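Taken in order, these protein sequences are the chains called A and B.
Each residue of the first sequence is one higher than the last, beginning at 13 in our numbering.
Each residue of the second sequence is one higher than the last, beginning at -19 in our numbering.
For reference, the structure is listed below as structure tokens.
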Amino acid sequence: MAETNEHGHKWTMIVDLDKCNGCNACVVACHAENNVPIASEEEVIRGRGNHWIRIERYWEGEYPDVQARFIPVFCQQCGSAPCEPVCPTYASYHSTEQNLNVQVYNRCVGTRYCGNNCPYKVRFFNWWTPEWDSPLNEQLNPDVTVRSAGVMEKCTFCIQRIRRAENDATADGRELRDGDVQPACAQACPSRALVFGDLYDPESQVSERLPAERQFKLLENLGTEPAVYYLKGEDTHVGE
Amino acid sequence: MLESRAEVRPYWEKPIPEDEEHAHQLEHFREEDLLLDAIPPSESSAIILNSMKSTGLGFWMAAGFTGALVALLMGTWGLQIFSGLGITGLNRSVMWGPYIANLVFFIGIGHAGTFISAALRLMHMDFRRPISRAAETVTLFGLAAAGLFPLIHVGRVWKIFYMFPIPDERRLWPNFRSPLLWDATAITTYILGSTLFMYAGLLPDLAMARDHTTGWRHQLYKALALGWRGSLGEWLRLEKLANILSYVIIPVMFSVHTIVAYDFAMAVQPGWHSTIFGPFFIAGALFSGVAAVIMVLIILRKTMRLGYFLREQHFNSLGIFLMLLSIIWGYFYFNEWIVTWYGNLSAEQAILNMLTGQLSPLFYLMLVCNVAIPLGGLWSRRVRTSMPAMFVICLAVQIGMYLERILIVPGFLSRNELPFNWVNYTPHLPEILITLGTFGLLSFLYILWTRIIPIVPLWEVHEGQAFQSTRRVGRGLFTTHTDMH
């Protein structure tokens, strides 16, 4: 399903739900890579769990025939994103070159309109000044801004890694190759349920795997044009 | 012809009744209608001037109590800026809470002032004359209170100027695709417009106060009255200005709450994305606004002894209007929900289930306060002209309309498309204190205001009295009205 475009990239993620076993390795990797603050137990109970990628767990069926379903949900990097037009300061805007939704932390005043308007609820507000318990405070990623209290944040598809790969490719005098960029979640996924790549590159893994018979997009009916494809077969699930 | 001219007497002198029946009818009219019950202008001015200067124990207690609430508001807000919005009860799904509900509510009660003074003015409804300024003051301070909430609500209030269209070297401009920007524009326009409208109407009364006071008050009114002398040219210009501003401010009033409704209706959040929200919010705004004006008038009448100006006729007329607004509000609400319920979309159904389940005490209380109590009570003239009954009904309307805002903002947000993100919301202490403090702020400003400016527009009352009189036709006595226009 490779789309062609001379300039830019269309960064795309495939989430194979038949492969996801809900292990949460992606969540941990994302926290470490992106300096995502860790909410306390009390805060999580208050509904302020803060994970740029999260595993939504749904139960299907009645006891004793209960099946667990896992859906990793993160920013869908919508092509027509509800969060963008509502931001009064352009803190949430669209990068046409990368085909990503970008959040400019410095520009955000914290009206939280984008968070309300996101149907996936993958935008997070910094309720407090972020703090990390020792020794986590010693291992912040220097490539990623630590966000202050009062601004919104969300998954960036690890844009710092995209930038670094682009710079390395430019330094080597070559084009960006498939596999050069790997977000932390995809890199950490032990069952290879997450596949990342450029849909404008006909050779990339995502282009080769799409369109797939099992594909769907989350809340596609809202017309948000997500850049994340979910794959789900008929009745396969974990634990059978 | 010259002989009949000699008959003209000052309008405030009582007409001489011809017989006993006539005298009885006349007395009845004067009791009913302020505009027929003229007294010398110096006397009616004195009532207002004396009430402005009376600062008894009750005044200081009220000012002290509401002032303490203002201090509470400022203190809590300061704490919130210092420690972050984490001290509120908001969460990942319910990103907007009582702060936004308060914004909607206080802008809402600001709508009645404009409606009463501008729309009723253009419709030549003479009963609005003594109440228009009290209503405009509700608008002014309602908007001032509402204007705080965009500031209280945001995460980084010290960066709020990013939302203003200020040229800067990085060529950053606010995003005019965002309903929040439309909102800020509309509210600013409305504040400026209604302040101007109120100030223009104040000039003759400020001049009157200037001419009857000494000391600091004299100096203050002298500055504020802008040299008003009361010449014919000035009156004609004032009349023209008031008419122009009335025509201009009514569309602005409609735009403001429509755009406040757009903050919700433009979002994809289930329950919010509704085409009726614009008119529905305007109906609700006028509903709570008129109820707020009635409550204020009852308190003013009692505490400032304004029984001469604020009569049963005014409460009767406002009561009928309030009943009409209750019917309109109920009709819109019914429309909104019957369509949603019939559509049976899963996310919207989840909201309906919550309203009739978990949040049902609030939901049914809202319906009782907004529909059952006003419609049940206001049918009767006896209720409409009874001060305690009207106060209770208007208080119920305030509670009902506040609940409506609360249900729409944090209530609806707690249910959305993905059930994993369903979170219930409970307010925390800072939100409650700031909300109480804002009611305190509105009351505090109002209390001070009543001692500084004439709260009844005397010139409007005098004008109405000059143009209104009675005429005998056969055996009956009828009111007549000279139309100045």
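Just so it is clear, CB atoms sit at the ideal spot from N, CA and C, and this is done for glycine as well.
Keep in mind it's a predicted model, so treat the numbers as computed, not measured.
N-terminal and C-terminal residue of the beta strand (DSSP E) that A:D28 is part of: Element bounds for A:D28: W23 to D28.
Cutoff 8 Å; reference B:D106; Cβ partners in own chain excluding five residues on either side: Excluding residues within five positions, the ones whose Cβ falls inside 8 Å are L15, G444, Q448 and H461.
Candidates B:L65, B:A98, B:E11 and B:K33: closest to B:D219 by CA position: Checking the sequence, you will find Glu at residue 219 of chain B rather than Asp. It is B:A98.
Any C-beta of chain B under 8 Å from that of A:V240: False, the Cβ-Cβ gap to chain B never drops below 8 Å.
Residue-level contact to chain B via CB, A:R173, 8 Å cutoff: The beta-carbon of A:R173 is placed no less than 8 Å from the nearest beta-carbon of chain B.
Opposing strand residues paired with A:C113 [DSSP bridges]: Looking at the sequence shown, residue 113 of chain A is not Cys but Asn. Bridge partners of A:N113: A:H106.
Extent of the continuous beta strand (DSSP E) to which B:A166 belongs: Judged by DSSP secondary structure, B:A166 falls outside any beta strand (DSSP E) and instead within the alpha helix (DSSP H) spanning P159 to D191.
Alpha carbon of A:E109 to alpha carbon of A:Q115, nearest angstrom: If I take the Cα positions, the gap works out to 15 Å.
Runs of alpha helix (DSSP H) wholly within the segment 39 to 97 of chain A (minimum 4 residues, chain order): Complete alpha helix (DSSP H) runs here, min 4: 53 to 57.
Among B:Y201, B:G181, B:D(-1) and B:G135, nearest to B:L117 - alpha-carbon criterion: Residue identity check: residue 117 of chain B is Thr in the sequence provided, not Leu. Out of B:Y201, B:G181, B:D(-1) and B:G135, B:G181 has the C-alpha closest to the C-alpha of B:T117.
Boundaries of the beta strand (DSSP E) in which B:F121 is found, first to last residue: Looking at the DSSP string, B:F121 is not in any beta strand (DSSP E); the run it does join, the alpha helix (DSSP H), is S112 to H133.
A:C90 at chain B interface by Cβ criterion, 8 Å: Not one chain B Cβ lies under 8 Å of A:C90.
Local Cβ density within 10 Å of B:S64, reported as buried at 16 or more and exposed below that: Before going further, note that residue 64 of chain B is Gly rather than Ser in the sequence given. Classification for B:G64: buried.
Cross-strand partners of A:T157 (DSSP beta bridge): Bridge partners of A:T157: none, in fact.
Where B:Q60 falls, given that 16 or more other Cβ within 10 Å makes a residue buried: In this structure B:Q60 is buried. Its beta-carbon is surrounded by 16 or more other beta-carbon atoms within 10 angstroms.
B:A125 and B:T418 closer than 8 Å at C-beta: Yes, they are a contact pair.
Local conformation of A:D180 per DSSP, three classes: The answer is helix: DSSP assigns A:D180 an H, G or I state.
Whole runs of the alpha helix (DSSP H) within the segment 189 to 250 of chain A, excluding any shorter than 4 residues: As far as the segment 189 to 250 of chain A is concerned, its whole alpha helix (DSSP H) runs of at least 4 residues are 196 to 200 and 217 to 221.
Chain-ordered chain A contacts of B:E397 [CB-CB under 7 Å]: For B:E397, the neighbours in chain A by C-beta distance under 7 Å run, in chain order, P131 and L231.
Other residues of its chain near B:R452: CB distance less than 6 Å, five sequence neighbours each side excluded: Within the same chain, no residue comes within 6 Å of B:R452 by CB-CB distance, once the 5 residues on both sides are set aside.
Distance between B:S24 and B:P78 (C-alpha atoms, nearest Å): Each residue's alpha carbon lies about 43 Å from the other.
Below-8 Å beta-carbon distance, B:P159 vs any chain A residue: Closer than 8 Å: yes.
Status (buried if at least 16 other CB within 10 Å, exposed otherwise) for B:R217: Under this definition B:R217 is an exposed residue.
Cross-strand partners of B:G456 (DSSP beta bridge): Under the DSSP definition of a beta bridge, B:G456 partners with B:V453.
Pairwise C-alpha distance: B:R291 and B:S360: Rounded to the nearest angstrom, the two C-alpha atoms are 17 Å apart.
Member of B:A42, B:T450, B:Y288 and B:L304 whose CA lies at the smallest distance from the CA of B:A26: B:A26 has its Cα closest to that of B:Y288, out of B:A42, B:T450, B:Y288 and B:L304.
Contacts of B:A81 in chain A (Cβ-Cβ under 9 Å): The contacting residues do not exist; B:A81 stays about 13 Å from chain A at best.
A:F137 - containing alpha helix (DSSP H), residue span: Element bounds for A:F137: not the alpha helix (DSSP H) but the beta strand (DSSP E), R135 to F137.
Any C-beta of chain B under 8 Å from that of A:V250: Low per-residue confidence applies at A:V250: pLDDT is 47, beneath 50, and the placement is therefore not dependable, though the value from the model is reported in the following sentence. The beta carbon of A:V250 does not come within 8 Å of any beta carbon belonging to chain B, so the residue lies off that interface.
Contact with chain B by A:Y75, beta-carbon distance below 8 Å: So, not an interface residue.
Outcome for B:H104 when other beta-carbon atoms lying within 10 angstroms are tallied against a minimum of 16: Exposed, since its Cβ has fewer than 16 Cβ neighbours within 10 Å.
Helix, strand or coil at B:E316 according to DSSP, with G and I counted as helix: Looking at B:E316 - three-state DSSP - the assignment turns out to be helix.
Runs of alpha helix (DSSP H) wholly within the segment 252 to 327 of chain B (minimum 4 residues, chain order): Fully enclosed alpha helix (DSSP H) runs of no fewer than 4 residues occupy 257 to 283 and 292 to 323 of the segment 252 to 327 of chain B, in order along the chain.
Continuous alpha helix (DSSP H) stretch holding B:E1: start and end: Here the alpha helix (DSSP H) through B:E1 covers E0 to E12.
Check whether A:Y242 and A:L222 have beta carbons under 8 Å apart: With contacts defined by Cβ atoms closer than 8 Å, A:Y242 and A:L222 do not form a contacting pair.
Proximity test, B:A330 beta-carbon vs the ligand ADP heavy atom, cut-off 7 Å: Of ligands this structure carries none, so the ligand ADP is not represented either.
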